[in-house]
Each structure stands twice: as C-alpha cells, then as structure tokens.
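Those protein sequence lines, which keep their order, are chains F and G. Quick note on the working numbering: the first sequence kicks off at 2 and runs consecutively. Quick note on the working numbering: the second sequence kicks off at 9 and runs consecutively. Ideal placement from N, C-alpha and C gives every residue a C-beta, glycine not left out. First up is the structure itself, then whatever we jot down about it.
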Amino acid sequence: MSTATATPRSTENPQRKPDLRHRLAERGVDARLLLLLPGLILVLVLFVYPFLYGLGLSFQPTDGGGPLENYRRFFSDSFQRDTIGTTLWLALPAALFNVLASVPIAYRLRGRFRGKRLLTTVLVIPITLGTVLTAEGLLNFAGPAGWLNRALAAVGLIDDPLRLVNNYWGVFFSLVISGFPFAFLLVLSYLSGIDPSLERAAASLGAGRWDRFRLITFPLLVPGLATTFCLTFVLAFSVFPSAILVGDPTGSTRVISIAAYQAAYEQYDYPLASTIAIVMGFIELAVIGLVLAGRSRFYTGTTGGKGA
Amino acid sequence: MAWLVWGAVALFLVWLLGVVGSVLVNSFGERWFDTWLPAGWTTQWYRQAWTSFGLFDVIVTTLEVALAVVVLSVVAGVPAAYVLARRPFPGKQVLWFLFLLPIMMPPITYGIPLATVLYKVGLAGNLSGVILANLVPCVPFVVLTMTPFIEQIDPAIENAARMSGAGTFSVFTRILAPLLLPGILASSILVLVRTVGMFELTFLTAGPTSSTLVVALFNSMNAAGIRAQQSVDAMAVIYMLVMLVLLVTALRFVNPTQLVSQVKEEPPE
C-alpha cells in the first residue's frame, strides 16, 4: 500500500497530485477488490433484485385499487392478519425457551470432561432429523396411541391421552427439537469464548458460584445470547413444513408463511404473496432490530476468551 | 441445581429417542395399532419406498444440487470472505450487511419473489432454478464461516509471497488455498448439510423432476393416504442416515463451537 507522500508516477498529471489509482489505493480500493465481484453479483442478482421486484410487485395488486391495496387487504382481513400473531406466538416462546434452556446446560458442559464429545454429538443429532422425520416421530410418539401417552397412562398419571400433536404444542415441540441443539451449540461456543480466569479471579476475591455467574459470566454472555436468540428466532419464525405436518394448519398454527404460500401457489396471486413475504420480512427484522438494540446496551467488547 | 440440569438433558434425550425410535420401529413394523410394538417385522416398506418414490433418482438429484451449490458458493464466497476479512475499504459495512441479510431473513420471504423471477425467466422448475435459489443463503454462509479461518492466517506470509513476485492469482492458489483447505472443507461440508436439509427454497423452485429428498418426503407425507405411512417413515429414515453421514463427516473436520468464536482448547496430552 502506498503512503501519502508517494510521488505521482504518471507524467501526464501536471499537478503534483497522486493519480486516481493511487488515491483510490490509499483508501483501500484496488484491483484486489474485484475478488468480491462473484459473490456480490450473486447476492445482487439472486437476492436484492428479486426482493426489489417483489416489493414492486406488492404495490401492483392483481385486482386493481391503489398501490397499497394489497397491504390494506392483508391487514383488514382477520384471517390473514392473525397469522402475524400466530407466528410470533409460536416463534418468540420457542426461541426464548431454546436460548434460556441452553444456558444452564452449556454452563455445566463447558469444562473438559470424559464423554463431552459424545454428548455434544448426541445433542447435535436432531439437526439431521429434518422436519418430516421430526413430524412423523412426534405424531407416532406423542400421538394419542403413542408411547408417551401409553406410558403416562400405564403409570396412572393420566386417564385420557394428552393432545400433544396436530395443535400448537406439536409445532412447539418440533421447534424445540430442531432449534435447541442449534441454540445450545452457539451458547456453548460463546461460553467457551469467555476467559475462565475471570471467574477464578472473582472466586479468589470470595465470590460464590451464583455471584460469579450473575456478575461475571452472564453479563459477558448477554451479547452472545442476543445473537443466538436472533438466529433461533429466524428459524422458528420461518416455520412452515412442521406447521402443516404436526400443527393445525387451518387454525391455531396457520403461520404467516402458510398464508404467503397459499397466496402464491394456491391462488396464483403473486403480488399478494409478495406483499405477505414483505410484511413477514419487516416483522422479523423489527424483532431482530429490537433485540440487537437492546444488546448494544450491554458490554460488547472482547471477552478475553481462550484464543480470542 | 446440577440434578435439574442433568434431568432436563435426560428428558430431552428420552423425548428424542422416542421420536426417532417410533419412526424406526414403524418403518420396520408390519401392523401397528393399539400396542406397544408392531405385530411383526418386515423390510418391505424400504423396498416399497425405494421403488414407488423413485428414491434413486431423488437421491441423485439431491447430490447433484448439493455438489453444484457447494462448488459455486465456495468459488464465489471464499474470495469475497478474503477481501472482507483482510481489507478496509469504503462501503465495507454496507457490503457486510448485504452478505448477512440473506442469512437473517426467513427463506420464504425472499424465496417467493425469487421463485417468481425465476419462473419469469424460465429457470424455475428445473435443476438450475433449485441450484440458484440455494446459492442465496449459501454464499453468505461461506463468507461468514470462512472469515475466522482467514483471520488466522498471518498476512506476513502473503506479503512475503507478493514481495517475491507472486500475483494475486498465484498467492491464492499456492499460498492461501493450501492454508485455507481445512476451512474450505469445513464450510463445504456445512453447505452440503444445509443444502440437503433446505426445504423452503427447493420446495418453491423445484419441478417434478428436480425435487430433492426433503421436498419429496414432504410431498409424500402431505399427500396423506396415498402411500402407506410406514414407507414414508422408511424414507425419512433414509434421509436421516444421509444427513447423519454428512454431519458426522463434518464434525471430523470442524469443532462446531469454533464457528462462532475462536476457541483454542488446551491440547489433549
């Protein structure tokens, strides 16, 4: 990289001012930035352009009316509007549960012990299941004649089978099975990124186990938890196949992605489908924005992890 | 407190075992109604799933899509990750945001407009549409997972190579690529796992001959009553095994916790 005192190489430049290439290079712009191009083009062509196209389409309702007609239609129809609440009512508790349940478990498992690798692997396995196997499994296992109800009845805990599938709970369980391992892995890695000597220092000053967690580890972990929450929330918010397979897709689990899908592939109303997709994106980004804004109120510097 | 945590882990594992176990048992079961276990055991559902779902073709399609996505997203993602990890330049924040956005958005939100565009230009309903759609989250994913690996390489090595007259291309192929190989392998396998498991984007863009395993599974389960539930279960088991092989391979190359923050565990003695 050239320095500010570099003399101009070009003789055509009458002023003693570095030529354009040098001035750009000083700011970090040179031919090597071309390496960005393939990735950038892909993102622009396959993500930004379709997104803008969809945005434009959403303002061109099929049946006429003003540009905002589709949005009016969506928000004035309670069958459509309520999908927002349904989705949030599933995604927020599921994401919160996954993150909060991960913290104590990861806190226990962060040290080195025999069988850690095995346990981590077992906890990762649900990622391989896929929504369909999870759905089939939940229907078989937690269904009215499944092992779970059978076992609960056998020990006399219940008289009538619990209704755990084809409703809200079925989808919730499937979000936990697929989301928890993911949240756990992330939380575990954020926890291992916190320098253990900080806690040891606190211990040497007489802080108890709970105080060490509350005053040292937890505040350092909060930014990581916020990120984990966002990523788990994205997964849960876009719930689609399991809402159909183990849920009640016409009622209590008619999530917003089902509404978008139906508009596109059952009514072939692409402008309305784009509208719903855009609404969905905005709500999701709003939640993430809130979480990240909250996160910035906490300490976000280095956590002095083992290798950071 | 400790027993509570272990209790929760145990509960989760029992639950998991029940879910996976009941699918496994059902896929080998003959008739299974109101009893603990099926009346008898058989492998006919696997044979039936193999032939009636055309599983061989579906698996071939899945692998074609996944391999194409892996190659393309590595080719596009690694150089971009290199620039983003190494260089300050104007507009870098905007670019970072642009690369992060597809990962932070639910696939349906951009999948529907993308499918609409792809149908308009005639690219949807076939393999290329499925591959293109899957590139959207995968290229950013490669950028994200490669960044820590690139940051670990001492820039002095590259500078030395440049000093000795190597151009960008040979720096990439002779210096960076070998050093980055573990990272490239890791993110390739993760992209592979992601693509094989990616439902929404494939579902929105696939035609009858370009369904991958997940989509074929969903369709067969959603069209309830047409096929025996047990053969859907058999197919789900096959899917799980494919994913399991991929994931276990991935875990040999990456410590999953390393993807988020750089964790150096003390070396085992």
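Candidates Thr276(F), Ala265(F), Pro182(F), of which the one nearest phenylalanine 230(F) by Cα: Pro182(F)
Isoleucine 67(G) to alanine 18(G) span [Cα, whole Å]: 34 Å
Chain G contact residues for leucine 139(F), given Cβ-Cβ distances below 8 Å: Val27
Interface flag, valine 77(G) vs chain F, CB-CB below 8 Å: no
Proximity test, Cβ basis, 8 Å: tryptophan 44(G) and chain F: yes
Option in Ser243(F), Phe98(F), Ile195(F) with minimal Cα separation from phenylalanine 185(F): Answer by Cα proximity: Phe98(F).
Assigned exposure category for glycine 306(F) - 16 Cβ within 10 Å defines buried: Since pLDDT at glycine 306(F) reaches only 48, below the 50 mark, its modelled position is unreliable, and no value is offered.
Straight-line Cα distance separating tyrosine 54(G) from glycine 48(G): 15 Å
Beta-carbon neighbours of isoleucine 128(F), restricted to chain G and to distances below 7 Å: Correct list: Leu255.
Chain G contact for proline 197(F) (CB, 8 Å cutoff): The beta carbon of proline 197(F) sits no closer than 8 Å to any beta carbon of chain G.
Inter-residue CB distance, valine 201(G) and leucine 254(G) (contact presumed, cutoff 8 Å): 5 Å
Three-state class that DSSP yields for tryptophan 44(G) in the structure shown: coil
Inter-stretch contact (C-beta, 8 Å, three-pair minimum) for the region 162 to 182 of chain F and the region 134 to 143 of chain F: Segment contact: the region 162 to 182 of chain F against the region 134 to 143 of chain F, three or more CB-CB distances shorter than 8 Å; contact assigned.
Inter-stretch contact at 8 Å, needing at least 3 Cβ pairs: the region 116 to 124 of chain F / the region 194 to 210 of chain G: no
Interface partners of aspartate 241(G) on chain F, CB under 7 Å: Glu137
Nearest candidate by alpha-carbon position, reference valine 46(F), set Phe107(G), Ala93(G), Gln52(G), Ala89(G): Phe107(G)
Sheet register partners of glycine 173(G) (DSSP bridge): According to DSSP, glycine 173(G) bridges with nothing at all.
Residues that threonine 84(F) contacts on chain G, provided the C-beta gap is smaller than 9 Å: Residues of chain G passing the Cβ test: none, with the nearest at roughly 12 Å.
For glycine 37(G), the residue or residues it bridges with in DSSP: Paired residue(s): Trp49(G).
Nearest residue (CA-CA) to alanine 258(G), options Val144(G), Gly15(G), Ser196(G): Ser196(G)
The region 198 to 216 of chain F in contact with the region 87 to 96 of chain G per 3-pair CB rule at 8 Å: no
Distance between glycine 194(F) and glutamine 270(G) (C-alpha atoms, nearest Å): Residue placement at glutamine 270(G) cannot be trusted, given a pLDDT of 44 that sits under 50; what the coordinates show is reported in the next sentence. Straight-line Cα distance between these residues: approximately 7 Å.
8 Å Cβ cutoff, serine 269(G) in contact with chain F: Residue placement at serine 269(G) cannot be trusted, given a pLDDT of 45 that sits under 50; the coordinates are not used to answer.
Nearest candidate by alpha-carbon position, reference alanine 76(G), set Gly137(G), Trp23(G), Pro114(G), Thr213(G): Gly137(G)
Contact under 8 Å by Cβ, valine 13(G) with arginine 109(F): yes
Cβ neighbour criterion (16 or more within 10 Å) applied to phenylalanine 283(F): exposed
8 Å Cβ cutoff met for threonine 213(G) and alanine 123(G): yes
Contacts around valine 49(F), its chain only, beta-carbon distance under 8 Å, and the 5 residues preceding and following it disregarded: none
Any C-beta of chain G under 8 Å from that of valine 166(F): Not one chain G Cβ lies under 8 Å of valine 166(F).
Residue-chain proximity (valine 91(G), chain F), Cβ-Cβ < 8 Å: yes
Beta-carbon separation (whole angstroms), arginine 296(F) vs valine 223(F), contact threshold 8 Å: 7 Å
Cβ-based contacts, 7 Å cut-off: residues of the region 267 to 297 of chain F near chain G: Tyr271, Ala274, Ser275, Ala278, Met281, Gly282, Glu285, Ile289
Nonlocal neighbours in the same chain, by C-beta distance under 6 Å from glutamate 285(F), ignoring five residues either side: Phe238
Outcome for tyrosine 262(F) when other beta-carbon atoms lying within 10 angstroms are tallied against a minimum of 16: buried
Proximity test, Cβ basis, 8 Å: phenylalanine 105(G) and chain F: no
Short CB-CB distance (under 8 Å) between threonine 153(G) and chain F: Cβ-Cβ to chain F under 8 Å: no for threonine 153(G).
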